[in-house]
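A.B. asks:
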Amino acid sequence: MITPENFRLRFRLFVLVLLLSITGGNVFSQSPNYQIYALKFASLNFKVPIAAMAVGSASKDSTGVCYMIYLLKGDNGKLILVDAGFTEPIKPYPSQAFTYIRPDSMLMKININPRDITDVIITHPHWDHIGGIDLFPNAMVWMQKEDFNYFVGAAWQKGEDPNNGFNPIDVNKIIEKNLTGKLNLVKGDSVEITPGVRVFIGSKHTFECQYVLVVSGAAKVIIASDNSYLYYNLANLLSIPITLDQKAYLQNLKRMRGMVKNIDLILPGHDPLVFSKFPKVTDGVVKIK
Ligand SMILES: [Zn+2]
19 MITPENFRLR FRLFVLVLLL SITGGNVFSQ SPNYQIYALK FASLNFKVPI
69 AAMAVGSASK DSTGVCYMIY LLKGDNGKLI LVDAGFTEPI KPYPSQAFTY
119 IRPDSMLMKI NINPRDITDV IITHPHWDHI GGIDLFPNAM VWMQKEDFNY
169 FVGAAWQKGE DPNNGFNPID VNKIIEKNLT GKLNLVKGDS VEITPGVRVF
219 IGSKHTFECQ YVLVVSGAAK VIIASDNSYL YYNLANLLSI PITLDQKAYL
269 QNLKRMRGMV KNIDLILPGH DPLVFSKFPK VTDGVVKIK
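The numbering used here applies: residue 19 is where the sequence shown begins, and numbers increase by one.
Next comes the structure, spelled out in structure tokens:
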């Protein structure tokens, strides 16, 4: 007997079978899988007191400081970088302060051709994060619209902070990307860049910095960049000194901690510990997942 109840049930079963046949059974796993690598392309040749990188810290210890890019290698053909590194230090940093390998050369160490990079997500336009964008000529660059606007505009007006950590050459580089249709401005918090890769607004390290959540299968990884310099900032909930809003910065450290199971999977912007916590692939490269 066909009652309205079992008709509805049959209809639902029919829809489910249809979905499974269209998607090959992949209804529940549409996101691609990503392999995630950290690549260290530079290190400071001296140590820095932890207290100088964590406001309110009583630590007497010092730490090394490194500079990283991240590679997300999707099984959908995407080769996404988070940040582009730098090609030359800005003043007052002398180049002797660094041990340095150009970011594109680091990628070649793991057999990635820089021309094959499909996307570069810029967390913020400080010289050490954006300066390498011209090394990846075919990549679509993604950055927050408000961060871009400030970087190319108001940052250079009279009365603004002259020690802003921006390199004027990088302004030209990002404008060039825009003029050639290779810049995508992201508007706001929790925006999906591509399936499995989502950006969130951080707390005012620059005008509108962002960080990246990668969801791959059951794994969740945050690439925090300078939304936390060190694991120490995350573990002790201590702000870095360079932020326009320290209270909000702390709130955001808490938010990141609520997004993943394990604090190790929130990858800080400048912490050499990243390279001892994860399996080594080759010198300066570890596989996060
Ligand atoms: Zn920065």
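Quick reminder that beta carbons are idealized off the backbone N, C-alpha and C, glycines included.
Go through the region 212-299 residue by residue and report every complete run of the alpha helix (DSSP H) that reaches 4 residues or more, in order.
C.D. replies: You should have 249-254, 264-277 and 292-295.
A.B. asks: Near ligand 1, which residues have their beta-carbon closer than 5 Å to a heavy atom?
C.D. replies: HIS144 and ASP244
A.B. asks: Go through its chain and collect everything with a Cβ distance to LYS295's Cβ below 6 Å, but skip five positions before and after it.
C.D. replies: ASP282
A.B. asks: Can you name the residues that DSSP bridges to ASP137?
C.D. replies: ILE98 and MET158
A.B. asks: State the DSSP-derived secondary structure class of GLN53, mapped to helix, strand or coil.
C.D. replies: strand
A.B. asks: Apply the 10 Å Cβ neighbour rule to ILE193 and answer buried if 16 or more other Cβ atoms are within range, or exposed otherwise.
C.D. replies: exposed
A.B. asks: Rounded to a whole number of angstroms, what is the C-alpha to C-alpha distance between ASN182 and TYR247?
C.D. replies: 17 Å
A.B. asks: Measuring straight from C-alpha to C-alpha, what distance separates SER243 and LYS305?
C.D. replies: 17 Å
A.B. asks: Consult DSSP for GLU210 and reduce its assignment to one of helix, strand or coil.
C.D. replies: strand
A.B. asks: Identify whether TYR88 lies in helix, strand or coil by the three-state DSSP scheme.
C.D. replies: strand
A.B. asks: Per DSSP, what kind of secondary structure is VAL45 in: helix, strand or coil?
C.D. replies: Legend: pLDDT at VAL45 = 47, less than 50; position of this residue unreliable, value from coordinates given subsequently. DSSP places VAL45 outside both helix and strand once states are collapsed to three, so it counts as coil.
A.B. asks: Check whether the region 141-158 and the region 220-234 touch, using three or more Cβ-Cβ pairs below 8 Å as the test.
C.D. replies: yes
A.B. asks: Can you tell me where the beta strand (DSSP E) holding LYS305 begins and where it ends?
C.D. replies: Element bounds for LYS305: 303-305.
A.B. asks: To which residues does DSSP link TYR118 through a beta bridge?
C.D. replies: ALA60
A.B. asks: What separation, rounded to the nearest whole angstrom, lies between the Cα atoms of LYS265 and ASN129?
C.D. replies: Cα to Cα, LYS265 sits roughly 42 Å from ASN129.
A.B. asks: Whose C-beta lies closer than 8 Å to the C-beta of ALA115 among residues of the same chain, with five residues either side of it excluded?
C.D. replies: LEU62, ASN63, PHE64 and PRO107
A.B. asks: Answer with buried or exposed for GLN162, where buried requires no fewer than 16 other C-beta atoms within 10 angstroms of its C-beta.
C.D. replies: Here GLN162 is buried, its C-beta having at least 16 other C-beta atoms within 10 Å.
A.B. asks: Return helix, strand or coil for SER75, following the three-state DSSP convention.
C.D. replies: coil
A.B. asks: Tell me whether the beta-carbon of ILE54 lies closer than 8 Å to the beta-carbon of LEU97.
C.D. replies: The Cβ-Cβ distance between ILE54 and LEU97 does not fall below 8 Å.
A.B. asks: Between the region 245-261 and the region 65-80, are three or more C-beta pairs nearer than 8 Å?
C.D. replies: yes
A.B. asks: Measure the C-alpha to C-alpha separation of ASN270 and VAL170 and round it to an integer number of angstroms.
C.D. replies: 26 Å
A.B. asks: To the nearest angstrom, how far is it from the Cα of LYS307 to the Cα of ASP134?
C.D. replies: In this structure, the alpha-carbon of LYS307 lies about 21 Å from that of ASP134.
A.B. asks: With 16 other CB atoms within 10 Å as the buried threshold, where does ILE139 fall?
C.D. replies: buried
A.B. asks: What residue does the beta strand (DSSP E) around VAL83 start on, and which one ends it?
C.D. replies: First-last for VAL83: undefined, no H or E at that position.
A.B. asks: Compute the Euclidean distance between the alpha carbons of GLU178 and GLY95, then round it to the nearest angstrom.
C.D. replies: Put simply, the backbone Cα of GLU178 is about 42 Å away from that of GLY95.
A.B. asks: Taking the straight line between their C-alpha atoms, what separation do you get for ILE151 and LYS191?
C.D. replies: 7 Å
A.B. asks: Go through its chain and collect everything with a Cβ distance to SER80's Cβ below 7 Å, but skip five positions before and after it.
C.D. replies: LYS65, VAL66, PRO67 and ILE68
A.B. asks: On the DSSP bridge assignment, give the partners of PRO67 in chain order.
C.D. replies: SER80
A.B. asks: Per DSSP, what kind of secondary structure is VAL202 in: helix, strand or coil?
C.D. replies: The residue you asked about is not Val; residue 202 is Asn in the sequence shown. Here ASN202 sits in strand by DSSP.
A.B. asks: Compare the Cα-Cα distances from MET126 to each of VAL83, PRO186, ALA173 and LYS58 and report the closest residue.
C.D. replies: Just measuring C-alpha positions, the residue of VAL83, PRO186, ALA173 and LYS58 sitting nearest MET126 is LYS58.
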